[in-house]
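UniProt numbering puts the first residue of the sequence shown at 1, with every later residue one more than the last. Note that the Cβ used here is the ideal one computed from N, Cα and C, for glycine as well. One structure below.
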Amino acid sequence: MSASIAPQRLIIAITGATGAVYGVRLLEVLRNLPQVETHLLISEAGLLNLRQELDLGRKEVEALADVVHHVKNVGASIASGSFQSDGMIIAPCSMKTLAAIAHGLSDNLITRAADVVLKERRRLVLMVRETPFNLAHLRNMTAVTEMGAIVFPPLPGFYHRPQSIIDMVDHTTGRVLDLFNIPHVLTPRWQGLGEK
1 MSASIAPQRL IIAITGATGA VYGVRLLEVL RNLPQVETHL LISEAGLLNL
51 RQELDLGRKE VEALADVVHH VKNVGASIAS GSFQSDGMII APCSMKTLAA
101 IAHGLSDNLI TRAADVVLKE RRRLVLMVRE TPFNLAHLRN MTAVTEMGAI
151 VFPPLPGFYH RPQSIIDMVD HTTGRVLDLF NIPHVLTPRW QGLGEK
């Protein structure tokens, strides 16, 4: 009798900051990995950004996930610590969402799921999007870092010489997947400086 291996479960949330492409790209990549089960949440402002930035509607994005939860359903499975997950990525993470997490305001399923991930000592990655940062933003980032979250602004790297926007998005997406030990070939690995 062979034992089946439970899939790695990741919660992906898309909130109302610019950079909806990061959440969508994560879902696209994870969709092709049968060992990963995705649980998706989209805030109302996140939905507006999906339309504005990518011309995508709710159903198109939800089709990329294994399980979809409504942001107002605070009784969903992912609202409980008994739900086994490997963590959560909020991509992008608005300053409102960051503030709610920093202050323990479980006012919707996104912030409740983040709170659960933190209390269960699982990995929470916040792809915060705003610039420049004001003092409230910085203090909230410090607070969530002290709680165990990883603040990961989606800043592009250029040492791999990206040729397109998707190259820059894939580089950042790959770095986030690395935090969950999910193998990928989205971007070349740094090999060190070559001989001149």
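How close, in whole Å, do the beta carbons of residue i and residue j come, if the pair is a contact with beta carbons under 8 Å?
i, j, result
"glycine 81", "glycine 46", "24 Å between Cβ atoms; not a contact."
"phenylalanine 152", "valine 176", "6 Å"
"valine 21", "valine 169", "6 Å"
Quick check: what's the CA-CA separation for residue i versus residue j?
i, j, result
"alanine 3", "aspartate 86", "Only weak support exists for where alanine 3 lies, its pLDDT of 49 falling under 50; the value from the coordinates is given anyway. Distance between the alpha carbons of alanine 3 and aspartate 86 is about 20 Å."
"asparagine 181", "glutamine 52", "32 Å"
"isoleucine 110", "aspartate 66", "17 Å"
"lysine 188", "glycine 174", "Correcting the residue identity first, residue 188 is proline in this sequence and not lysine. One C-alpha to the other measures close to 9 Å."
"valine 61", "proline 162", "26 Å"
"tryptophan 190", "threonine 172", "14 Å"
"residue 198", "glycine 23", "Shown here, the chain extends from 1 to 196; a query on residue 198 therefore has no answer."
"methionine 1", "arginine 123", "Here methionine 1 scores only 40 on pLDDT, less than 50, and its place in the model should not be relied on; the value that follows carries that caveat. Going from the Cα of methionine 1 to the Cα of arginine 123 covers about 33 Å."
"leucine 33", "histidine 39", "14 Å"
"serine 77", "phenylalanine 83", "6 Å"
"leucine 118", "histidine 160", "33 Å"
"isoleucine 150", "serine 106", "19 Å"
"alanine 136", "isoleucine 90", "19 Å"
With a 10 Å radius around its C-beta and 16 neighbouring C-beta atoms as the bar for buried, classify residue i as buried or exposed.
i, result
"leucine 193", "exposed"
"histidine 70", "exposed"
"serine 43", "buried"
Any idea what DSSP makes of residue i, helix, strand or coil?
i, result
"glycine 87", "strand"
"histidine 137", "helix"
"isoleucine 150", "strand"
"methionine 1", "Because the pLDDT at methionine 1 is just 40, under 50, the model does not fix this residue reliably, and the value given afterwards should be weighed accordingly. Coil."
"threonine 18", "coil"
"leucine 186", "coil"
"valine 74", "coil"
"alanine 65", "coil"
"glutamate 28", "helix"
- Are the stretch 120–128 and the stretch 90–108 in contact at 8 Å, needing three or more beta carbon pairs? yes
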